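Written out below as structure tokens is the structure these notes cover.
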Amino acid sequence: ANAQDYAYPMPEYTPTAGNLESRQEFQDMKFGMFIHWGIYSVLGDGEWVMYQQKIKNDTYKKLTKFFNPQDFNAEEWVQIAKSAGMKYITITSRHHDSFSMFDSKATDYDIIDATRFDRDPLKELAEACKKEGIKLNFYYSLLDWAREDYGFGHKIVDGKPVDADWDKYIAFMKAQLTELLTNYGEIGCIWFDGHWERKKADWRYNEIYSLIHELSPSTLIANNHHLTPIPGEDIQTFERDLPGENKGGYSKGVKVSQLPLESCATMAKSWGFNLNDKKYKSTKQLIHFLVNAAGKNGNLLLNVGPMPNGEIQPEFVQTLKEVGAWTTKYGESVYGTRGNVIKTQKWGTITKKDKVLYVHILNPTKEPYIFIPELKEKITSATSFDGKTKIKFKQLKEGTFLYTKMDSNDTIDTVLKLKIK
Ligand code: FHN
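Mind the numbering: the sequence shown is residues -3 to -1, 1 to 418 in mature numbering (1 follows the signal peptide of the UniProt record, and there is no 0), read in order.
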């Protein structure tokens, strides 16, 4: 896309060498932890509780008095992520409810000024991440349900909400982004969300993205606007979805771009902590999501919504441990790989790294073989994942037959290795 496709000025953007390097690193990491945490967790009804229960701002603000997460331990969170095989963490610095989960000078409605907690969780997380070699990213909401300058629900005329102060709101966001990019060490990505609420507004991305690129050229920009990427962005996001599938209902008509891709998903239904949300996805479903994302050349950003006491709920911790057992064993077939070797098949998918194709049989076939279509690469050998068992194959022009016994003990993913020329 170019500037004239947009109603408002867009940044001229040529990614720096450092930025391009960050993109590769991002793609290599493949698996991250999404964290939705805010004062809403006190009510245990998800992060949209303010909107869904029509709670007035003055009432909602009282939640700050009940938010005192004494059991929060950044090191523990990082360990949970790390042992699941996650390489980065993306946490909500401020969600739609307007509450800032970090020490911000741009507002009093933040964790330091408005709660008795008196600790900056993002600072503690930044330190723990740095220590453990985990990249830290910040989610940042463009949409704001509470601030007067945003004017939630107001009509948009000439790119601005009427009876609100759009200039002030943009300046506020810029001040906060500056804080987030200067007070927490190196940040991997700023992950915007909420654009979709105000499609006709002039979000002044030319200013916002340029500010980020100036302050921290290697920091990547993602914007979960459910559109084809706009200039200045480095990552294309897919909510509750794999690239190109539109199963989550958000990505209708959205083209998959050449940018690094990232799918985000929940472990149950809700993003923020939800007491009654027991629709837990199984370990197998989550691993399949990760592998299928990798097969489509994307990352998986898997969400947890910590409880108001600061802990991640035990059901999630258990599942993540099981996911970790898999990534410890088979991580080689995911990290650092690239996808789009073949279209996803009924039986599964393929990932690629250097001279190896990893065949992931997620759904074993009835036949004693699988058929791989359209392979460009010439196969020189086929083996089991550990390399100990040779596998017969026949590579024809129209595709390859791989005669394999699909391991019935490994009901999650039978991973095979094809060496290529
Ligand atoms: O409304 C938000 C929602 O609360 C959550 O943050 C997700 C994460 O992708 N994004 C929004 C919906 O698009």
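Where is the CB? At the ideal position from N, CA and C, for every residue including glycine.
Computed from a predicted model, the values in this text were never measured in an experiment.
At a cut-off of 7 Å, would you count residue i as near ligand 1, judging by its Cβ distance to the nearest heavy atom?
i      : result
Trp45  : yes
Cys186 : no
Cys261 : yes
His357 : no
Trp200 : no
Asp190 : yes
His142 : Position check: residue 142 holds Trp in this sequence, whereas His was assumed. Every heavy atom of ligand 1 is 7 Å or more from the Cβ of Trp142, so no.
His93  : yes
Asn221 : yes
His151 : no
His33  : yes
Trp268 : yes
Glu236 : yes
Count the other CB atoms, across all protein chains shown, that sit within 10 Å of the CB of residue i; report buried if there are 16 or more and exposed otherwise.
i      : result
Phe235 : buried
Phe96  : buried
Val46  : buried
Arg201 : buried
Phe63  : exposed
Ser213 : buried
Thr13  : exposed
Gln342 : buried
Leu272 : exposed
Gly182 : exposed
Pro66  : buried
Lys418 : exposed
Thr324 : buried
Glu259 : buried
Gly15  : exposed
Val159 : exposed
Leu17  : exposed
Pro365 : exposed
Asp55  : exposed
Gln233 : buried
Thr112 : buried
Are the CB atoms of residue i and residue j nearer to each other than 8 Å?
i      : j      : result
Thr280 : Glu319 : yes
Ile184 : Thr216 : yes
Leu299 : Met30  : yes
Leu413 : Thr401 : yes
Ser38  : Pro311 : no
Thr89  : Met83  : no
Cys186 : Thr263 : no
Lys350 : Ser378 : no
Ile388 : Thr397 : no
Val288 : Val331 : yes
Pro8   : Asn203 : yes
Gly328 : Glu44  : no
Phe313 : Val301 : yes
Asp117 : Ile131 : no
Ile77  : Leu283 : no
Pro257 : Gln50  : no
Val253 : His223 : no
What does a CB cutoff of less than 6 Å around residue i pick up in its chain, not counting 5 residues either side in sequence?
i      : result
Asn337 : Asn294
Trp344 : Ile358, Asn360, Thr362 and Ile367
Arg144 : Ser95
Ala103 : Phe169, Ala172 and Gln173
Ala71  : Glu121, Leu122 and Ala125
Glu194 : Leu140
Asp199 : Tyr5 and Gly156
Whole angstroms is fine: what's the gap from residue i's alpha carbon to residue j's?
i           : j      : result
Gln21       : Phe135 : 19 Å
Leu122      : Glu371 : 45 Å
Phe149      : Leu354 : 50 Å
Leu174      : Val154 : 26 Å
Asp231      : Gly245 : 22 Å
Ala(-3)     : Tyr247 : Low confidence applies to Ala(-3): its pLDDT is 43, below 50, so where it sits in the model is not reliable enough to give any reading.
Gln1        : Trp163 : Model confidence at Gln1 stands at a pLDDT of 44, short of 50, so the residue's coordinates are unreliable and nothing is read from them.
Tyr5        : Lys197 : 10 Å
His210      : Trp34  : 26 Å
Lys58       : Asp105 : 12 Å
Asp42       : Ile409 : 32 Å
Leu239      : Ile32  : 19 Å
Leu399      : Arg91  : 50 Å
Phe382      : Ile376 : 15 Å
Asp205      : Trp188 : Here the sequence assigns Ile to residue 205, which means Asp is not the residue at that position. Straight-line Cα distance between these residues: approximately 12 Å.
residue 419 : Leu119 : In the structure displayed, the chain extends from -3 to 418; residue 419 sits before or after that span and is not available.
Going along the chain, which residues of its own chain have a beta-carbon closer than 7 Å to the beta-carbon of residue i, five neighbours each way excluded?
i      : result
Lys276 : Ala265 and Lys266
Gly191 : His93, Ser138, Leu139 and Leu140
Trp142 : Met47, Tyr48, His93, Asp94, Ser95 and Phe149
For chain B, find out if any of its Cβ atoms is closer than 8 Å to the Cβ of residue i; answer yes or no.
i     : result
Phe96 : No chain B appears in this structure, which consists of one protein chain only.
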